[in-house]
Structures are given as C-alpha cells and as structure tokens.
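A.B. asks: Can you read through this structure? Questions will come right after.
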Amino acid sequence: MVTGQRAVGPGNTRHHEFKFSSAKDVNALIDSFLAAPAFHNMAELHSLDRQLLPSGFPDRELLVGLDKDRQVGVLEFMDAEGGVVSLGAPNGRGEVFYFIVGNPTEFPDRSDIPIKLVCQAVKEFLTSEGRRPGCVEWQVPEFW
2 MVTGQRAVGP GNTRHHEFKF SSAKDVNALI DSFLAAPAFH NMAELHSLDR
52 QLLPSGFPDR ELLVGLDKDR QVGVLEFMDA EGGVVSLGAP NGRGEVFYFI
102 VGNPTEFPDR SDIPIKLVCQ AVKEFLTSEG RRPGCVEWQV PEFW
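According to my numbering, the sequence shown is numbered sequentially starting from 2.
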C-alpha cells in the first residue's frame with residue numbers, strides 16, 4: 002500500500018498531494034496523463050514516506066511522461082547517486098520532449114518505452130517507498 006505521494010503533473014500548476022491505497026488509484030493517475038493536453042504530459046512524483054533532505058527537498062524523484070499519440074512514455078529517476086532515464090528500443094525517434102506545467106524537458110533519443118511498462122514502473126515506485134523501479138532498463142544520459 003502506498004501511504005502518500007506528491008506530484009506536479011498534467012494540467013497542474015502547483016504541487017498536489019495524492020493518497021494511493023490501491024492499483025486502481027494509480028490507474029486513475031495514469032488516466033489523467035492520457036487525458037491531459039500535449040503540453041502537460043509529464044509529472045514529478047515523490048514518496049512522502051521518505052525523509053526530506055536538510056534542504057527540505059525530497060531525496061528521490063521519478064519523472065513520468067506519457068505520449069498518448071505514440072503510446073509510449075519516458076521515466077527519469079533521480080537520487081543521491083545521480084539520474085538515470087529509461088532505455089527504450091534501439092531505433093529511437095530523434096528529439097524526445099515531454100512537458101511539465103508547460104515547460105519542455107528533453108530526453109535521450111532511446112528513452113521511450115511502452116506505456117504498459119511505464120505504468121508498471123510507476124506502480125513499483127509508488128509501492129516501494131520511492132525505490133528505483135527494477136522492471137525498466139536504465140541509461141545514464143549524456144546530457145543534463
């Protein structure tokens with residue numbers, strides 16, 4: 002069971018706290034991604050079960066983007082060791098951009114993965130107190 006998450010996401014302009022008690026609640030979050038306009042297709046997730054850093058910021062985050070037209074998504078996980086992004090198929094699509102609160106975020110060429118895998122990773126992150134999902138292959142981005 003997930004006891005709490007904080008997210009900035011599709012259509013939102015400020016932080017919102019969500020409480021998840023089942024996979025159904027996580028599915029509702031994913032559905033909100035798919036219903037959002039293209040310029041609001043990414044969210045930032047944090048576990049509220051973890052201690053904050055002395056700076057007051059969370060110690061881990063998961064960025065989640067969904068492209069409903071292409072039926073793919075992207076993940077970025079960041080913790081004290083650095084950031085990694087999802088590793089997709091060898092034939093990438095070139096420039097990969099997702100938008101959080103209208104602001105573009107660029108991802109590596111081969112970072113798109115199937116939506117079903119994005120959903121599985123989000124559920125894993127949300128039910129593990131913010132651990133990096135193990136169901137996804139990761140890559141260290143060359144830029145950021």
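Even for Gly, the Cβ is constructed at its ideal location relative to N, Cα and C.
Excluding the 5 residues preceding and the 5 following residue 143 in the sequence, name in chain order all residues of the same chain whose CB lies nearer than 6 Å to its CB.
C.D. replies: As a first step, residue 143 is located in the sequence shown; it is residue number 142 there, counting from the start. Hits under 6 Å: none found.
A.B. asks: To the nearest whole angstrom, what separates the beta carbons of residue 76 and residue 122, a pair I think is in contact under 8 Å?
C.D. replies: Sequence index remark: in the sequence shown, residue 76 carries index 75 (1-based). Sequence index remark: in the sequence shown, residue 122 carries index 121 (1-based). Their Cβ separation, rounded to whole angstroms, is 6 Å, which keeps residue 76 and residue 122 in contact under 8 Å.
A.B. asks: Pull up the CB-CB distance for residue 42 and residue 68, whole angstroms please, since I reckon it's below 8 Å.
C.D. replies: Within the sequence shown, residue 42 is the residue found at index 41, counting from 1. Within the sequence shown, residue 68 is the residue found at index 67, counting from 1. Right, the Cβ-Cβ distance comes to about 6 Å (below 8 Å), so this counts as a contact.
A.B. asks: Which residue wins for smallest C-alpha separation from residue 136, given the options 95, 106 and 86?
C.D. replies: Locating residue 136 in the sequence shown gives position 135, counting from the first residue. Here the closest residue by C-alpha is 86.
A.B. asks: Since residue 78 contacts residue 133 with CB under 8 Å, what's their CB separation in whole angstroms?
C.D. replies: The count along the sequence shown starts at 1 and reaches residue 78 at position 77. The count along the sequence shown starts at 1 and reaches residue 133 at position 132. Their Cβ separation, rounded to whole angstroms, is 5 Å, which keeps residue 78 and residue 133 in contact under 8 Å.
A.B. asks: Quickly, what does DSSP pair residue 56 with across the bridge? List them, please.
C.D. replies: Mapped onto the sequence shown, residue 56 falls at position 55. Paired residue(s): none; residue 56 is not in a bridge.
A.B. asks: Return the chain-ordered list of same chain residues with a C-beta closer than 7 Å to the C-beta of residue 13, the five sequence neighbours on each side being excluded.
C.D. replies: Within the sequence shown, the letter at position 12 stands for residue 13. Residue confidence is low: residue 13 scores 47 on pLDDT, short of 50, so the model does not pin down where it sits. No coordinate-derived value is stated.
A.B. asks: Give me the Cα-Cα distance between residue 84 and residue 138, rounded to the nearest whole angstrom.
C.D. replies: Numbered from 1 along the sequence shown, position 83 holds the residue referred to as residue 84. Numbered from 1 along the sequence shown, position 137 holds the residue referred to as residue 138. Their Cα atoms are separated by approximately 13 Å.
A.B. asks: What residue range is occupied by the uninterrupted beta strand (DSSP E) comprising residue 1?
C.D. replies: No statement about residue 1 is possible, as the shown extent of the chain runs from 2 to 145 and does not include it.
A.B. asks: Can you name, in chain order, every residue of its own chain whose Cβ lies under 8 Å from the Cβ of residue 24, other than the five neighbours on each side?
C.D. replies: In the sequence shown, the residue the question calls residue 24 occupies position 23. Correct list, in chain order: 124.
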